[in-house]
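A.B. asks: Before I ask anything, let me first share the structure, which is written out below as structure tokens.
Okay, structure coming up:
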């Protein structure tokens, strides 16, 4: 018993504050990318040659980088120059609408407040079920880590539960493989309405590297409607936490 | 042939299946084990079967191949470790191993039949009788884990048989790798099993470098080995915490949860990503460490490990924990050898099998990590082997950081030799990772076969659970902690 107490003293108090200063993230971490207004057709071609998922393209006559497809490998930055495409350390990437994940040189005003309806219903307590539909265990691991004492998800009123009947929503990872589609649909149906769907990771948003595969779908929203997109491959735990807190209508 | 050394494709095919079989059986009798057994299509509806045998003590690999039409005499009755491999060949190419004891799809790819069955909607081995009942678990589990189906045949609390049915995570990676390497290749490899990104990307890079005849700078080789051991540290620490949790010992469980993250953050310090993505590329590594980072790693690693030692010894000193671990899910050495287990599961049965030692490549050629074994084969052994490996990996990393060689970290990779085969082995944190690559006449990838350690070891879990209480399943499962997507590919 005395050993346990000494261990407790040695291990100390380790729960991190949230939100944290981005400087606390490793220097080489790749967060929200920026595209310069000077980006040329030539640059885009160079990016396209190296981008594994074709995340850089054109939308409404403007060059855009799709965060939902981006694997954050940084190859585009190397291919042209960091004056054209650069990655910041901003980890707040989650968005409610798929179109909000398209980044262009024109900075869109970042939404401070998410869906009011959600805030009204789930603002103080959010119970989630997780379904891995072809995830590689990286997204799963970084969702799991939110339950550790470092992040202490419980303090925000969020909990992962063991049954869809106990849940307010599901967190889906993976591109939704053919073999998992039915299980995902059944889990979704088993959750009492109103319910939320949160797509975590490039695979769940767009199919990620598996986009276009015959064995998988191109993400969750081809199967069930999605309320929150959390980009990354895998997203940093802080990115996921930020998304979950924002969808509860909180702004810390 | 040797690990990471290419070989010309021609001239190795046996004339008859009988000769192929006899050589395989002879190899097994000489102490070899099956690293991989797979097939690929050839001309006129023929399928070429390729079996790679590993002679661990000699550090030697032997690849046998044979052309088959529709069926062949199953090897499973005599070589139990090819059981799942033959199911895979059957599913993928429709080649029937006659006399296989339990022939059914392995991933439910539904490619060779119109059968649209799912892993949980299929025939299971059933036990009938009074008080026999069946328990079905999955694909969606209670925790935040990958998808798979487990079917138990129970008598009261006792498990008579467990059948594991996977395939839910199948994403078609091997097929997509054909025609490469291209810009997606490395991302497929890194997401084969997301928690073993370094292990798999290393196996891939080693294969490409071998085929291109390129030698990796020493500094890159050392940095790779540091990353591989950091991956092992993070996962072993997480597993020890999860084992503590499964027996309700919360202090170690919560400390290790945090400490695992600290190891992941060390990985992110080096390459920006907690899972080691974007670090390993054919030709070397993408990120170097300067002297201040080197000191920072040493400082953090020492401090994290001091906390790990504290958390783990707390658990191993607890009679309650040890009592739950002891004799739970035990495998004998004979069983482990027969099933061809690899990695922690094999070493916990007293088998000194470790790619870093038996088939060393990169920095492991120069600095070897002693193989950590324990003999009892139970949950305790699998936990204890992890703890031994943790200590040795930390020692290894600190040693490497003390004497980092100078030089470049990446070199250009030439085009690949055409019509060659290469077998690339690495010791991922779960165990042996095997990538077999065949190039076509243009030097592009013609076939890519991946064997994750989980593919060998899932059946170990099946046997470990026989006669155990069903309530011990989570504990046994955690002690193996196998990959679903690494199996499903």
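Protein chains in written order, with our numbering: chain C, 471 to 722; chain Y, 155 to 643.
By construction, the Cβ of each residue, glycine as well, lies at the ideal position given by its N, Cα and C atoms.
Source: prediction; values computed, not measured.
By a C-beta neighbour count over all protein chains shown, 10 Å radius and 16 as the cutoff for buried, is residue 361 of chain Y buried or exposed?
C.D. replies: Residue 361 of chain Y comes out buried.
A.B. asks: Can you find a CB in chain Y that lies within less than 8 Å of the CB of residue 688 of chain C?
C.D. replies: No, residue 688 of chain C does not count as interfacial toward chain Y.
A.B. asks: Thinking C-beta only, is residue 575 of chain Y closer than 8 Å to residue 217 of chain Y?
C.D. replies: Cβ atoms of residue 217 of chain Y and residue 575 of chain Y: closer than 8 Å.
A.B. asks: Tell me whether residue 305 of chain Y sits in a helix, a strand or coil according to DSSP, three-state version.
C.D. replies: Looking at residue 305 of chain Y - three-state DSSP - the assignment turns out to be strand.
A.B. asks: Sorted by chain position, which residues of the same chain lie with C-beta nearer than 7 Å to residue 589 of chain C's C-beta, five sequence neighbours on each side aside?
C.D. replies: Cβ neighbours of residue 589 of chain C beyond the five flanking positions: 718, 719.
A.B. asks: If we ignore side chains and look at the alpha-carbon of each, how far apart do residue 441 of chain Y and residue 289 of chain Y end up?
C.D. replies: Straight-line Cα distance between these residues: approximately 49 Å.
A.B. asks: Tell me which residues share the same chain as residue 167 of chain Y and place their Cβ nearer than 8 Å to its Cβ, disregarding the 5 neighbours each side in the sequence.
C.D. replies: Taken in chain order, the residues that qualify are 202, 219, 220, 221.
A.B. asks: Beta-carbon within less than 6 Å of residue 723 of chain C's beta-carbon, same chain only, minus the 5 sequence neighbours each way: which residues are those?
C.D. replies: Beyond the ends of chain C as shown, which are 471 and 722, falls residue 723 of chain C; an answer cannot be given.
A.B. asks: At 8 Å on the CB atoms, spell out the chain C contacts of residue 464 of chain Y, in chain order.
C.D. replies: 477, 480, 481, listed in chain order.
A.B. asks: Just the C-alpha distance for residue 573 of chain Y and residue 179 of chain Y, rounded to the nearest angstrom, thanks.
C.D. replies: So the alpha carbons of these two residues sit roughly 28 Å apart.
A.B. asks: Between which two residues does the alpha helix (DSSP H) holding residue 546 of chain C run?
C.D. replies: It spans 545–549 - the alpha helix (DSSP H) in which residue 546 of chain C sits, taken as one unbroken run.
A.B. asks: Does the segment 638–656 of chain C come close enough to the segment 427–442 of chain Y that 3 or more CB-CB pairs lie under 8 Å?
C.D. replies: The answer is no - the segment 638–656 of chain C does not touch the segment 427–442 of chain Y, with fewer than three Cβ pairs under 8 Å.
A.B. asks: Hey, out of Y/307, Y/502, Y/539, whose CA is closest to residue 622 of chain Y's CA?
C.D. replies: If we check each option's Cα against that of residue 622 of chain Y, Y/307 comes out closest.
A.B. asks: What is the DSSP secondary structure of residue 565 of chain C, reduced to helix, strand or coil?
C.D. replies: In this structure, residue 565 of chain C counts as strand in the three-state DSSP scheme.
A.B. asks: For residue 625 of chain C, decide whether its Cβ has a neighbour in chain Y, counting only Cβ atoms nearer than 8 Å.
C.D. replies: Residue 625 of chain C does not count as touching chain Y.
A.B. asks: My guess is that residue 535 of chain C and residue 549 of chain C are in contact by the Cβ rule of under 8 Å, so how many angstroms apart are they, rounded?
C.D. replies: So it is not a contact: roughly 13 Å between Cβ atoms.
A.B. asks: What residue does the beta strand (DSSP E) around residue 251 of chain Y start on, and which one ends it?
C.D. replies: Here the beta strand (DSSP E) through residue 251 of chain Y covers 250–252.
A.B. asks: For residue 549 of chain Y and residue 511 of chain Y, what's the separation of their Cα atoms in angstroms?
C.D. replies: One C-alpha to the other measures close to 16 Å.
A.B. asks: With residue 193 of chain Y as the anchor, note down where its alpha helix (DSSP H) starts and where it stops.
C.D. replies: Here residue 193 of chain Y belongs to no alpha helix (DSSP H); instead the beta strand (DSSP E) covers 187–195.
A.B. asks: Report the three-state DSSP secondary structure of residue 612 of chain C (helix, strand or coil).
C.D. replies: Residue 612 of chain C: helix per DSSP, three-state reduction.
A.B. asks: Within its chain, find whatever has a CB closer than 6 Å to the CB of residue 545 of chain C; leave out the 5 residues flanking it on each side and keep chain order.
C.D. replies: The answer, listed in chain order, is 520.
A.B. asks: Anything in the segment 668–686 of chain C with a Cβ closer than 7 Å to a Cβ of chain Y? List those residues in chain order, please.
C.D. replies: Listed by position along the chain: 679, 680, 683, 684, 685, 686.
A.B. asks: Tell me whether the segment 577–585 of chain Y and the segment 492–508 of chain Y touch, counting them as touching only if at least three CB pairs, one residue from each stretch, are closer than 8 Å.
C.D. replies: Yes: at least three Cβ pairs fall under 8 Å.
A.B. asks: Please report how far the alpha carbon of residue 571 of chain Y lies from the alpha carbon of residue 577 of chain Y, in whole angstroms.
C.D. replies: Cα to Cα, residue 571 of chain Y sits roughly 14 Å from residue 577 of chain Y.
A.B. asks: Compare the C-beta of residue 520 of chain C against all C-beta atoms of chain Y and say whether one is closer than 8 Å.
C.D. replies: Closer than 8 Å: yes.
A.B. asks: Residues of chain C with a CB under 7 Å from the CB of residue 294 of chain Y: which are they?
C.D. replies: Correct list: 601, 653, 657.
A.B. asks: So, does the CB of residue 541 of chain C fall closer than 8 Å to a CB anywhere in chain Y?
C.D. replies: Chain Y contact via Cβ: present.
A.B. asks: Assign residue 665 of chain C to buried or exposed, taking buried as 16 or more other Cβ atoms, counted over all protein chains shown, within 10 Å of its Cβ.
C.D. replies: It is buried - the Cβ of residue 665 of chain C has at least 16 other Cβ atoms within 10 Å.
A.B. asks: Quick one: using the 10 Å Cβ neighbour count with 16 as the cut-off for buried, is residue 154 of chain Y buried or exposed?
C.D. replies: Examination of residue 154 of chain Y is not possible in this model, given that chain Y is present from 155 through 643 alone.
A.B. asks: Are the segment 379–391 of chain Y and the segment 351–366 of chain Y touching by the rule of at least three beta carbon pairs closer than 8 Å?
C.D. replies: In short, these stretches touch, since the Cβ pair count reaches three.
A.B. asks: Counting along the chain, where does the beta strand (DSSP E) carrying residue 606 of chain C start and finish?
C.D. replies: Element bounds for residue 606 of chain C: n/a, residue is neither H nor E.
A.B. asks: If I'm right that residue 645 of chain C touches residue 604 of chain C with Cβ under 8 Å, what's the distance once you round it to whole angstroms?
C.D. replies: Yes, they are in contact, since the Cβ atoms of residue 645 of chain C and residue 604 of chain C sit about 5 Å apart, within 8 Å.
A.B. asks: Nearest to residue 527 of chain C by CA position, among C/706, C/708, C/514, is which residue?
C.D. replies: With distances taken between Cα atoms, residue 527 of chain C lies closest to C/514.
A.B. asks: Nearest-angstrom Cα distance between residue 476 of chain Y and residue 531 of chain Y?
C.D. replies: Computed Cα separation, rounded: 14 Å.
A.B. asks: For the segment 319–350 of chain Y, list every residue whose C-beta sits within 9 Å of some C-beta in chain C, in sequence order.
C.D. replies: Result list: 321, 322, 323, 324, 325, 326, 327, 329, 330, 336, 337, 338, 339, 340, 341, 342, 344, 345, 346, 347, 348, 349, 350.
A.B. asks: Runs of 3 residues minimum, wholly inside the segment 553–618 of chain Y: which ones carry the beta strand (DSSP E) assignment?
C.D. replies: Whole beta strand (DSSP E) segments, 3+ residues: 574–581, 586–593, 599–605.
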